[in-house]
Amino acid sequence: MMTAALSAQVAQRITRVISVPLSVDFENGYSDDLAIVAENVKPLLDLGVAGLTT
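Here it is as structure tokens:
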């Protein structure tokens with residue numbers, strides 16, 4: 055099962071080997087709680103992910 059942490063790990067691996075913007079399918083932030091969604095999104099922003107889809 056994909057989790058927010060696993061999504062961030064996969065995104066990190068991908069960003070190491072590509073030179074184009076990365077968009078991540080982020081399954082509604084993996085929570086219904088907006089504070090948790092914000093916590094889940096931060097690692098992706100730190101990686102420079104260009105976009106998120108839900």
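For the sequence shown, our numbering assigns the number 55 to the initial residue and increments by one for each residue that follows. Just so it is clear, CB atoms sit at the ideal spot from N, CA and C, and this is done for glycine as well.
Taking 7 Å as the cut-off, decide whether the C-beta atoms of residue i and residue j are in contact.
| i | j | result |
| --- | --- | --- |
| Leu76 | Ala104 | yes |
| Thr69 | Leu99 | no |
Look up residue i in the DSSP assignment and give the residues it is bridged to.
| i | result |
| --- | --- |
| Val78 | Leu106 |
Short of 7 Å in beta carbon distance, which residues of its chain neighbour residue i, apart from the five on each side in sequence? Order them along the chain.
| i | result |
| --- | --- |
| Thr107 | Ser77, Asp79 and Phe80 |
| Tyr84 | Thr57, Ala58 and Asn94 |
| Ala65 | Leu76, Val78, Leu98, Leu101 and Val103 |
| Gln63 | none |
Mark residue i as exposed unless 16 or more other C-beta atoms lie within 10 angstroms of its C-beta, in which case mark it buried.
| i | result |
| --- | --- |
| Ala89 | exposed |
Within a Cβ cutoff of 6 Å, which residues of the same chain sit near residue i, ignoring the five residues on either side of it in sequence?
| i | result |
| --- | --- |
| Val91 | Gly83 and Ser85 |
Output needed for residue i: all residues of its chain with C-beta closer than 8 Å, excluding positions within five of it in sequence on either side, in chain order.
| i | result |
| --- | --- |
| Val71 | none |
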